[in-house]
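Protein sequence lines, in the order shown, are assigned to chains U and X. Per the working numbering, the very first residue in the first sequence carries number 1; after that it's consecutive. Per the working numbering, the very first residue in the second sequence carries number 1001; after that it's consecutive.
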Amino acid sequence: MPELFVAKVSELPDGERRIVAHDGLEIGVFCWQGAFYAYQNLCVHQGGPACEGIIMHKVEDVLGPDRTWHGQKFSDEEVHFVCPWHGYEYDLKTGECAADRRLRLKSFDVVRRGEDIYVIA
Amino acid sequence: MVDIPLSDFRHMAIEEFDTTKLLEHAARQARERGYDKFPIVDVDSHHYELESLGEILQYMDDPVLQQLAMSATQSGGSKGTGVLPSGIGYQDIGGRVLRYSVRKLEKVGGDEHRDITLTRRWMDAMGTDIAVIFPSPMLQLGLHPQVEMEVAFARAYNRWLVERVLSAEPRIRSMLYLPFNDPAASFRMVQEFAGKPGVVGFMVTAARYRPVHHNDYMRTYALLEEHGLPLAFHSAYDWNEQSMAMMNRFISVHALGFVFHNMIHMTNWIINGLPERFPKLKLIWIESGLAWLPFMIQRLDNEYMMRSSEAPALKKLPGDYIRDMHFTSQPMEVTDMGALETTFRMIKAETQLLYSSDYPHWDFDLPSTIYDLPFLSETAKRNILGGNAARVFGLELGGKLAKVA
Chain U
1 MPELFVAKVS ELPDGERRIV AHDGLEIGVF CWQGAFYAYQ NLCVHQGGPA CEGIIMHKVE
61 DVLGPDRTWH GQKFSDEEVH FVCPWHGYEY DLKTGECAAD RRLRLKSFDV VRRGEDIYVI
121 A
Chain X
1001 MVDIPLSDFR HMAIEEFDTT KLLEHAARQA RERGYDKFPI VDVDSHHYEL ESLGEILQYM
1061 DDPVLQQLAM SATQSGGSKG TGVLPSGIGY QDIGGRVLRY SVRKLEKVGG DEHRDITLTR
1121 RWMDAMGTDI AVIFPSPMLQ LGLHPQVEME VAFARAYNRW LVERVLSAEP RIRSMLYLPF
1181 NDPAASFRMV QEFAGKPGVV GFMVTAARYR PVHHNDYMRT YALLEEHGLP LAFHSAYDWN
1241 EQSMAMMNRF ISVHALGFVF HNMIHMTNWI INGLPERFPK LKLIWIESGL AWLPFMIQRL
1301 DNEYMMRSSE APALKKLPGD YIRDMHFTSQ PMEVTDMGAL ETTFRMIKAE TQLLYSSDYP
1361 HWDFDLPSTI YDLPFLSETA KRNILGGNAA RVFGLELGGK LAKVA
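Next up, the structure:
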């Protein structure tokens, strides 16, 4: 399996991503909280460039102990990237579709060699 | 540059935007599926007409309304503020559907109108031969409390669209806006614009509160029938509608609102026997998806069997009239393939269904949503993607049309 150069570590700071292409295959490589994640840039919905959209934390309801609703907030833990075509959201750490976790993007291993980042296609 | 606020301290800075780049995957789908071998007609797509508001207002006849609109637009700070129904809504899902916020960054060259260039870019990417375009914010113009303002905007928009867009690009067509809150003005609109370049029918924005069976509309329907031009009902939502106002999320209002108004118009149309009174008038129901149709057929048929005395003009079941009508496909509900296949059977999709993208709106559908359906024959796919529309509108598609069947 080919090993594709993604970027220097310094070129891929937290919250950024690179799209690398090889033989018709596009892979989005994200850096988030010091770790790297890579997924096929192909939305499970209509084939959009799923990895090229914005990165947003999951929206959560705030409920009281009596089950009353008190507003919404962004999750402290879970972050999503969003397909720019229609808004399908994916868990950045797993590639699962946030609205239906039976669906997920194909993931790829990322390796770091010194200051270089590679993805195994 | 556009700086999009995100969910924490970060922002996403975007410096350029290009439709062709955004839709590269769509272009790949078109190549892989061979869309060059048969015609694709998109019966519902959009442009953002208020980006040309200054031009459109130049076509407004009434000097007082024109001055009011120009002044309100300037003092409102954004396009149309103060003079058009604004419609609270979050179409871009908080910036997640990126093209809304960055559209203004897209560069076009040459002398042709920006809307033509942008429309052709997405058409080329998707493999679309002909697109029927409609306005965007003006879909809520039927909610304007000043009937004369709806009429003035409708005529200005129609004149502008025909002269500046449709006359300049034969691949772009439209069903023109009918100011339905004024039946006499609607009639005059058909008189004036039937036969103009690129005009393939007329459209009523569905979010409004005028019953389609009122006698005042009969001569407009007769005139459309005489010209062989379809009448379309393009759905929209009204968050201020009494029942919609109970809902607190845009998803709720959009999911129900885009069906609600068309359900009412279709029910009135059928129960009042308009299909019998105008048997040759082609009806097209736009942007309500398809899942409502099995509901409508079953619901109306079941009640009609018991209460036919209340719909004495009907000579067959309500569902039989529905199956004579046409429907655009988007937003096609695809989460239950068995239900979708049943829907296709119930509405005679192979001859009645018209592919639509709704691009560039947030819930657009590519041609592959039809082409990849596992239960359709190649002939059915090609009919729905273009052949049916070519027949409904009488389009000349040259050699490509011959490849439909």
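C-beta: ideal position from N, C-alpha, C; glycine also. A quick note: this is a predicted structure, and the numbers were derived from the prediction, not measured.
Cβ neighbours of residue i in the same chain (closer than 8 Å, five flanking residues each side left out)
| i | result |
| --- | --- |
| X:Leu-1068 | Val-1083 |
| X:His-1227 | Val-1190, Ala-1194, Gly-1195 |
| U:Tyr-118 | Glu-3, Leu-4, Phe-5, Val-6, Val-110, Val-111, Arg-112 |
| X:Leu-1105 | Met-1001, Val-1002, Ile-1014, Glu-1015, Glu-1016, Phe-1017 |
| U:Asn-41 | Ile-19, Glu-26, Ile-27, Gly-28, Pro-49, Ala-50, Cys-51, Glu-52 |
| X:Pro-1374 | Met-1337 |
Alpha-carbon to alpha-carbon, residue j and residue i
| i | j | result |
| --- | --- | --- |
| U:Tyr-88 | U:Lys-58 | 12 Å |
| X:Asp-1061 | X:Leu-1256 | 37 Å |
| U:Arg-101 | U:Ile-54 | 20 Å |
| U:Lys-8 | U:Gly-15 | 15 Å |
| X:Tyr-1035 | U:Arg-113 | 44 Å |
| X:Ile-1384 | U:Arg-67 | 48 Å |
| X:Phe-1017 | X:Leu-1023 | 11 Å |
| X:Ala-1245 | X:Asp-1238 | 9 Å |
| U:Ser-75 | X:Pro-1312 | 58 Å |
| X:Ala-1405 | X:Met-1012 | Caution applies to X:Ala-1405, whose pLDDT of 43 falls short of 50 and renders its modelled position unreliable; the model cannot decide the point. |
| X:Leu-1053 | X:Glu-1341 | 42 Å |
| X:Glu-1015 | X:Asp-1115 | 21 Å |
| X:Thr-1220 | X:Met-1175 | 15 Å |
| X:Glu-1287 | X:Val-1200 | 18 Å |
| X:Met-1296 | X:Met-1263 | 8 Å |
| X:Ala-1390 | X:Thr-1351 | 11 Å |
| X:Lys-1316 | X:Leu-1290 | 22 Å |
| U:Arg-104 | U:Gly-71 | 29 Å |
| X:Arg-1033 | X:Leu-1314 | 43 Å |
| X:Thr-1081 | X:Gly-1095 | 21 Å |
| X:Val-1097 | U:Ile-120 | 30 Å |
Local Cβ density within 10 Å of residue i, reported as buried at 16 or more and exposed below that
| i | result |
| --- | --- |
| X:Gly-1110 | exposed |
| X:Thr-1205 | buried |
| U:Ala-21 | exposed |
| X:Phe-1009 | exposed |
| U:His-86 | buried |
| X:His-1214 | exposed |
| U:Trp-69 | exposed |
| X:Lys-1282 | buried |
| X:Val-1162 | buried |
| X:Met-1381 | According to the sequence as given, residue 1381 of chain X is Lys; it is not Met. Counting Cβ neighbours within 10 Å, X:Lys-1381 comes out buried, since at least 16 surround it. |
| X:Ala-1379 | The amino acid occupying residue 1379 of chain X in the given sequence is Thr; Ala does not appear at that position. Per the 10 Å Cβ criterion, exposed. |
| X:Pro-1331 | buried |
| X:Leu-1178 | buried |
| X:Ala-1349 | buried |
| X:Ala-1184 | exposed |
| X:Phe-1134 | buried |
| X:Thr-1328 | buried |
| X:Ile-1370 | buried |
| X:Ala-1026 | buried |
| X:Met-1126 | buried |
| X:Arg-1307 | exposed |
Bridge partners - residue i, DSSP secondary structure assignment
| i | result |
| --- | --- |
| U:Tyr-39 | U:Gly-28, U:Ser-107 |
| X:Trp-1285 | X:Phe-1233, X:Phe-1327 |
| U:Cys-97 | U:Tyr-90 |
| X:Pro-1005 | X:His-1011 |
| U:Lys-73 | U:Glu-60 |
| U:Ile-55 | U:Phe-81 |
Own chain, CB closer than 7 Å to residue i, minus 5 neighbours either side, in chain order
| i | result |
| --- | --- |
| X:His-1254 | Tyr-1237 |
| X:Asp-1324 | Pro-1275 |
| X:Phe-1250 | Gly-1089, Tyr-1090 |
| X:Arg-1028 | none |
Own chain partners of residue i with C-beta closer than 6 Å, once the 5 adjacent residues on each side are dropped
| i | result |
| --- | --- |
| X:Glu-1121 | Glu is not the amino acid found at residue 1121 of chain X; the sequence shown has Arg there. Closer than 6 Å at Cβ, skipping near neighbours: Thr-1019, Thr-1020. |
| X:Asn-1272 | His-1213 |
| U:Gly-48 | Cys-83, Trp-85 |
| X:Asp-1182 | Val-1147, Val-1151 |
| X:Ala-1154 | Tyr-1177, Pro-1179 |
| X:Leu-1139 | Thr-1205, Ala-1236 |
| X:Ile-1056 | Ala-1156, Tyr-1157, Trp-1160 |
| X:Asp-1363 | Pro-1331 |
Below-8 Å beta-carbon distance, residue i vs any chain C residue
| i | result |
| --- | --- |
| X:Val-1253 | This model lacks chain C altogether, as its protein chains are U and X. |
* Report the residues of the region 1022-1051 of chain X with a CB closer than 9 Å to any CB of chain U, ordered along the chain. => If the cut-off is 9 Å between Cβ atoms, the region 1022-1051 of chain X has Leu-1022, Leu-1023, Glu-1024, His-1025, Ala-1026, Arg-1028, Gln-1029 near chain U.
* Asked: If contact means a Cβ-Cβ distance below 7 Å, which residues of the region 46-65 of chain U contact chain X?
  -> Of all residues in the region 46-65 of chain U, Gln-46, Gly-47, Gly-48, Pro-49, Gly-53, Ile-54, Ile-55, Met-56, His-57 have a Cβ within less than 7 Å of some Cβ in chain X.
* Could you list the residues in the region 63-83 of chain U with a C-beta less than 7 Å from some C-beta on chain X, going in chain order? => Under the 7 Å Cβ criterion, the region 63-83 of chain U contributes Phe-74, Val-82.
* **Cβ-based contacts, 9 Å cut-off: residues of the region 1076-1098 of chain X near chain U** => Residues of the region 1076-1098 of chain X with a C-beta less than 9 Å from any C-beta of chain U: Asp-1092, Ile-1093, Gly-1094, Gly-1095, Arg-1096, Val-1097, Leu-1098, listed in chain order.
* Residues in the region 1277-1291 of chain X having any Cβ partner in chain U nearer than 9 Å -> Taking 9 Å as the upper bound on Cβ-Cβ separation, chain U lies near no residue of the region 1277-1291 of chain X.
* To do: Anything in the region 1002-1015 of chain X with a Cβ closer than 8 Å to a Cβ of chain U? List those residues in chain order, please.
  => The region 1002-1015 of chain X vs chain U, Cβ under 8 Å: Ile-1004, Leu-1006, Ser-1007, Asp-1008, Arg-1010, Met-1012.
* Contact list for the region 1353-1375 of chain X against chain U, Cβ threshold 8 Å -> From the region 1353-1375 of chain X, only Trp-1362, Asp-1363, Phe-1364, Asp-1365, Leu-1366, Ser-1368, Thr-1369 have a Cβ closer than 8 Å to chain U.
* Members of the region 82-112 of chain U that neighbour chain X once the beta carbon cut-off is set at 7 Å -> For the region 82-112 of chain U, which is checked against every Cβ of chain X, the residues closer than 7 Å are Val-82, Pro-84, His-86, Gly-87.
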